[in-house]
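As structure tokens, the structure follows; a few thoughts come after it.
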Amino acid sequence: MMSSVEDLDGLPEETRVETRVETRVETREETREETREETSERPTEEATDVSTEDKLTDEVCRRALTRAHQKVIADMKPEVVLDGFKVAGFLSDEDHYDLKELLTDAIQNRILVSKVSQSDKTVYLEFKKCLKDSQQDDLVKDLEEKERELIVEIEEYRQIEMEHQCLMDEEMRRARELGNLLPGYP
């Protein structure tokens, strides 16, 4: 593989474009690996949470909860989360009582997760706060790991989308220069 743009000067245009694309793909894969290493080495600190929290959207929150769904359903202790949601105003007294009366923790957990999934980022963050307050840190760490994974995936997707658009623009420009466009196309 050629390492610099200067090395491409003697090659036909098609080969240069293919080589640039291959180089971008390799660079993106290296960046992805570095990001994964950084993510796995990164300490869980408040500063890290703040930077991740800034990038959270309602959709990222829902998807993180979906990815951690099985573990949350199996491991969560719902009593403290139910009480925290009641205090925060996310559950009415009647809903709180009804949920507490359900037979198993798993059923309570399913309903709680469903309510959080149908809500917005604010409710999701309150959910994580309730988990932290009740020393369910393993669940919080799992959710935060899923958040980071999703944020990296979204950023990679946007980068790929931008690169694709640049390539398409370059192809259109080249076609215009060569007069290879069909009539009626810009």
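Counting from 1, one number per residue, gives the positions in the sequence shown under UniProt numbering.
Backbone N, C-alpha and C fix where the C-beta goes; we use that ideal spot for every residue, glycine too.
Here the structure is a predicted model, which means the values were calculated and not measured.
- Judged by DSSP in its simplified three-state form, Ser117 adopts helix.
- Taking all protein chains shown into account, Ala64 has 16 or more neighbouring C-beta atoms within 10 Å of its C-beta and is therefore buried.
- Here Ala68 carries a coil assignment [DSSP, helix/strand/coil].
- Our two residues, Val60 and Leu103, have alpha carbons roughly 31 Å apart in a direct line.
- By the CB criterion at 8 Å, Lys128 and Leu143 fall inside the cutoff.
- Less than 8 Å divides the Cβ of Glu147 from the Cβ of Leu56.
- Between the alpha carbons of Asn109 and Glu153 lies a gap of roughly 28 Å.
- Here Val80 is near Cys130, since their CB atoms are less than 8 Å apart.
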